[in-house]
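2 protein chains.
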Amino acid sequence: MTTLADVARQAGVSPATVSRIVSGSSKAVSDELRERVLKVVEELQYVPNAHAQLLARSDRTTVGVIVHDVSDPYFAEITRGLQRVASERGRLVIICNSYRDPERELAYVELLRAQQAEAIILAGSGYLDPAFTKTLTAQLAAFTATGGRVTVVGRHELVGDAVLPANEEGGHLIASAVFDAGHRHVGVLASPAGLTTTADRLAGFRRAAKERRRTIPTRRIHYASFDRDGGAAATVALLDADPQLTALIAMNDTMATGALAVLRERGISVPGDISVVGFDDMPIARDLTPSLTTVRLPLVDIGARAITLALEDPHRTPRREMAPVELVMRESLGPPPTTRAPKKV
Amino acid sequence: MTTLADVARQAGVSPATVSRIVSGSSKAVSDELRERVLKVVEELQYVPNAHAQLLARSDRTTVGVIVHDVSDPYFAEITRGLQRVASERGRLVIICNSYRDPERELAYVELLRAQQAEAIILAGSGYLDPAFTKTLTAQLAAFTATGGRVTVVGRHELVGDAVLPANEEGGHLIASAVFDAGHRHVGVLASPAGLTTTADRLAGFRRAAKERRRTIPTRRIHYASFDRDGGAAATVALLDADPQLTALIAMNDTMATGALAVLRERGISVPGDISVVGFDDMPIARDLTPSLTTVRLPLVDIGARAITLALEDPHRTPRREMAPVELVMRESLGPPPTTRAPKKV
DNA sequence: GTAGTCTAGGAAAGGGCTTTCCTGATACGC
DNA sequence: GCGTATCAGGAAAGCCCTTTCCTAGACTAC
Numbered sequence: 194m195t196t197l198a199d200v201a202r203q204a205g206v207s208p209a210t211v212s213r214i215v216s217g218s219s220k221a222v223s224d225e226l227r228e229r230v231l232k233v234v235e236e237l238q239y240v241p242n243a244h245a246q247l248l249a250r251s252d253r254t255t256v257g258v259i260v261h262d263v264s265d266p267y268f269a270e271i272t273r274g275l276q277r278v279a280s281e282r283g284r285l286v287i288i289c290n291s292y293r294d295p296e297r298e299l300a301y302v303e304l305l306r307a308q309q310a311e312a313i314i315l316a317g318s319g320y321l322d323p324a325f326t327k328t329l330t331a332q333l334a335a336f337t338a339t340g341g342r343v344t345v346v347g348r349h350e351l352v353g354d355a356v357l358p359a360n361e362e363g364g365h366l367i368a369s370a371v372f373d374a375g376h377r378h379v380g381v382l383a384s385p386a387g388l389t390t391t392a393d394r395l396a397g398f399r400r401a402a403k404e405r406r407r408t409i410p411t412r413r414i415h416y417a418s419f420d421r422d423g424g425a426a427a428t429v430a431l432l433d434a435d436p437q438l439t440a441l442i443a444m445n446d447t448m449a450t451g452a453l454a455v456l457r458e459r460g461i462s463v464p465g466d467i468s469v470v471g472f473d474d475m476p477i478a479r480d481l482t483p484s485l486t487t488v489r490l491p492l493v494d495i496g497a498r499a500i501t502l503a504l505e506d507p508h509r510t511p512r513r514e515m516a517p518v519e520l521v522m523r524e525s526l527g528p529p530p531t532t533r534a535p536k537k538v
Numbered sequence: 194m195t196t197l198a199d200v201a202r203q204a205g206v207s208p209a210t211v212s213r214i215v216s217g218s219s220k221a222v223s224d225e226l227r228e229r230v231l232k233v234v235e236e237l238q239y240v241p242n243a244h245a246q247l248l249a250r251s252d253r254t255t256v257g258v259i260v261h262d263v264s265d266p267y268f269a270e271i272t273r274g275l276q277r278v279a280s281e282r283g284r285l286v287i288i289c290n291s292y293r294d295p296e297r298e299l300a301y302v303e304l305l306r307a308q309q310a311e312a313i314i315l316a317g318s319g320y321l322d323p324a325f326t327k328t329l330t331a332q333l334a335a336f337t338a339t340g341g342r343v344t345v346v347g348r349h350e351l352v353g354d355a356v357l358p359a360n361e362e363g364g365h366l367i368a369s370a371v372f373d374a375g376h377r378h379v380g381v382l383a384s385p386a387g388l389t390t391t392a393d394r395l396a397g398f399r400r401a402a403k404e405r406r407r408t409i410p411t412r413r414i415h416y417a418s419f420d421r422d423g424g425a426a427a428t429v430a431l432l433d434a435d436p437q438l439t440a441l442i443a444m445n446d447t448m449a450t451g452a453l454a455v456l457r458e459r460g461i462s463v464p465g466d467i468s469v470v471g472f473d474d475m476p477i478a479r480d481l482t483p484s485l486t487t488v489r490l491p492l493v494d495i496g497a498r499a500i501t502l503a504l505e506d507p508h509r510t511p512r513r514e515m516a517p518v519e520l521v522m523r524e525s526l527g528p529p530p531t532t533r534a535p536k537k538v
């Protein structure tokens, strides 16, 4: 392990001089010494120990992002936006996967505090669990108390700056589209019940139903895991329980993908027999067959805005930016098979 | 910023004692003091400064992984396998996206050296660029010289332990399947020419052709970016230049997705008019319509093995493990439309 | 020629933690 | 009851770097 002292000795100068040259201090150093030192640095392949540097100067340049799983396209897109801004500003991003485990999430917050991170970005749905929320809030408060910044994507139960996907509104948008296409028997492929995202999107569905004097009965909501196989399982369960369904609303595109797979397997035509809609507008949505009608969330942009908030000077009061949603009509939503008379106006 | 000294003062003990309690030293401490200290730790929300710890004890517990882009499913899967093993062994993973920029890649290697990473894992195709390879090799050598470990996934031009996807063999496998289905006019949607992965997979295609006394003419190979839009662009180019093509071999599933999109748009039936095959067997491959015939690479496992190699004791000679490939027959490959007489045996 | 102003470079004090070494106290053996 | 082994806890050195403060020399100005 070559140290700064080694370089100094070899070059016949003081450690202070080497430090100034290597870390680009504002203090002037003669060209002669500079050259001599750089030559030795090259020779010894010297790289300053980042930990020692951080200890000595205590400026923070790394940003931590805690997501459920980067390999999930939802978080992958957010992370991409985040990374872009981070490298523009010379920050190193540490990506942490919590795999939706509150314990691990806490562990990562602690770890990032220990790493002297400049900011922590929490992305993904929160948990409807007051005890956990309280513990997490306390940890984050300790972090911000020492100058750390926190921003969250979603998770409106936490303090701090936030970028909030308009989940309720998106739910309302997509469910309205489904109802307005004429569907009356609508099933919901729901993500796990403990997540705020689930609650919000469902609330949007319900509002759309209520506006039309409908309801979404509990038996037509099936909770499953937030992935393709969860979507498939929920589809099977709903279909078997209620064969007259003409539309399935999935809580995200991945679950919708699972639904399409099951329907194709059973020879059920989409949208001929049953319509399917998703949420998020992940890149793959347009390449499915039929292409997926969904609600677009500007994920890359959300990530970029989250980190931008985190790196700006803090406001006195936490800021909350809404991320707009947008209906994306594609092929997977159509009218129900038995075409009823259009709604009376 | 609460420090260990603060805790010590508040609890009325020496810093040494606090350190022993907080970091779980082997040295015994009385229950009374332990309790007193932990209470203060809780009160002050103390978290030890990781940089100071690493400086003082100099054991390394973080592993860096440099990939082209985690949001690409190929790397997402590898990273997932890697993360799993890493957290089992109590390591923190730092994910770095190089976005296929050699400069940035070097910068990240340097950064990870500075962070005192325990191991660096480089995943993804190498560059066919001797000058760059030399510089990178030098950097990595400096890292290993100070006890760091390096393993690579792919990139056989670099030293160190390696997990090598059988790209050539996979190329041979899939191209053989295409030729054996009876296709004679085959186009290749190729990833960028400077990557070793491209070269290897193409070599496999060519070997399969040669065994059948065929060739793949250069005009039927179109190089494009390694993503969906690249695949789409290459498809357009090949189709326009050579309308009699009956099969397209894509260098990965993402490019194949782009091809399917173009073909659907043009009303060309797959595999009725044109067959399409991919590479990698990403999760989405089975959910496309038609489902994609491809070559399966055990990506999660590759990631797990890469980090396992990195955390094991080093061998005297670098180890190279091959990752097996496996043909996955699905719907997108069929016989060419004008069914010719089957090959004479 | 002397006083005063710059300048480049070095000495040394941290920064927060771990760990070796040491001390003082208790327990043990005879 | 004395010497020795054992143990809990503290003092202090060290990990590698940055940065403030100082010094010595080179200039300028009169």
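The listed protein sequences correspond, in order, to chains F and U. Position 334 of the first sequence, counting from 1, maps to 527 under this note's numbering, and the rest follow consecutively. Position 209 of the second sequence, counting from 1, maps to 402 under this note's numbering, and the rest follow consecutively. Quick reminder that beta carbons are idealized off the backbone N, C-alpha and C, glycines included. Note that the coordinates shown come from a computational prediction; the quantities given were computed from them, not determined experimentally.
Which residues in the same chain have their Cβ closer than 7 Å to the Cβ of residue 409 of chain F, if we skip the five residues on either side of it in sequence? 379, 381, 398, 399, 402
How far does the beta strand (DSSP E) with residue 519 of chain F in it extend, from its first residue to its last? 519-521
Could you say if the segment 350-365 of chain F and the segment 325-339 of chain F meet the contact criterion of at least three C-beta pairs nearer than 8 Å? yes
Cβ of residue 244 of chain F within 8 Å of Cβ of residue 304 of chain U? no
Among F/218, F/224, F/230, F/223, nearest to residue 198 of chain F - alpha-carbon criterion: F/230
Mind listing the chain U neighbours of residue 199 of chain F? Cutoff is C-beta to C-beta under 9 Å, in chain order. Correct list: empty, because the minimum Cβ distance to chain U is about 12 Å.
Could you name the residues of the same chain whose beta carbon sits closer than 6 Å to that of residue 474 of chain U, not counting the 5 residues immediately before and after it, in chain order? 487, 489, 521
Of all Cβ atoms in chain F, is any one closer than 8 Å to the Cβ of residue 240 of chain U? yes
Going by C-alpha to C-alpha distance, which of U/325, U/271, U/413, U/241 sits closest to residue 307 of chain F? U/241
Just the C-alpha distance for residue 372 of chain F and residue 432 of chain F, rounded to the nearest angstrom, thanks. 19 Å
Nearest to residue 511 of chain U by alpha carbon, out of U/415, U/438, U/344? U/344
Could you tell me which of U/216, U/393, U/283 sits nearest to residue 366 of chain U, measuring between CA atoms? U/393
By alpha-carbon positions, which one of F/383, F/292, F/362 ends up nearest to residue 449 of chain F? F/383
Taking a cut of 7 Å between CB atoms, which residues from the segment 277-309 of chain F lie near chain U? 285, 287, 288, 290, 303, 304, 306, 307, 308, 309
Ignoring anything shorter than 3 residues, give me the beta strand (DSSP E) runs that lie fully in the segment 317-351 of chain U, in order along the chain. 342-346
Does any C-beta atom of chain F lie closer than 8 Å to the C-beta of residue 480 of chain U? yes
Alpha carbon of residue 254 of chain F to alpha carbon of residue 283 of chain F, nearest angstrom: 8 Å
CA-CA distance, residue 290 of chain F and residue 289 of chain U? 14 Å
Taking 8 Å as the CB-CB cut-off, is residue 516 of chain U touching chain F? no
Check the Cβ of residue 498 of chain U against every Cβ in chain F and list those closer than 8 Å, keeping chain order. Under the 8 Å cutoff, chain F gives no residues; its nearest Cβ is about 17 Å from residue 498 of chain U.
Among F/310, F/268, F/287, which one has its Cα closest to the Cα of residue 194 of chain U? F/310
Determine, using beta carbons only, whether residue 247 of chain U comes closer than 8 Å to chain F. yes
Could you check the C-alpha separation between residue 419 of chain F and residue 328 of chain U for me, to the nearest Å? 44 Å
I'd like to know if the segment 432-441 of chain U and the segment 460-469 of chain U are in contact, where contact means that at least 3 CB-CB pairs between them fall below 8 Å. yes
Name the chain F residues that come within less than 8 Å of residue 264 of chain U, Cβ to Cβ? 263, 266, 269, 270, 272, 273
List the residues that DSSP assigns as beta-bridge partners of residue 247 of chain F. Bridge partners of residue 247 of chain F: none, in fact.
Can you give me the start and stop residues for the alpha helix (DSSP H) that residue 266 of chain F sits inside? 266-281
Neighbour list for residue 453 of chain U in chain F, Cβ cutoff strictly below 8 Å: 480
Could you give the residue range of the alpha helix (DSSP H) that holds residue 493 of chain F? 492-504
Members of the segment 333-356 of chain U that neighbour chain F once the beta carbon cut-off is set at 7 Å: 335, 339
Going by C-alpha to C-alpha distance, which of F/267, F/274, F/517 sits closest to residue 496 of chain F? F/274
Between residue 211 of chain F and residue 221 of chain F, which are expected to be in contact by the criterion C-beta below 8 Å, what is the C-beta distance as a whole number of angstroms? Not confirmed; about 15 Å, so no contact.
When DSSP labels each residue in this structure, what does residue 531 of chain F get in the three-state scheme? coil
What do you get for residue 535 of chain F, buried or exposed, if any count of 16 or more other CB atoms within 10 angstroms of its CB means buried? Reliability of the predicted coordinates at residue 535 of chain F is poor, the pLDDT of 49 falling under 50, and the value obtained from them is presented with this limitation in mind. Classification of residue 535 of chain F: exposed, given that the 10 Å Cβ count is below 16.
Per-residue contacts from residue 328 of chain U into chain F (C-beta, under 7 Å): Within chain F, no residue comes near residue 328 of chain U; the closest Cβ sits about 11 Å away, beyond 7 Å.
Does any C-beta atom of chain U lie closer than 8 Å to the C-beta of residue 314 of chain F? no
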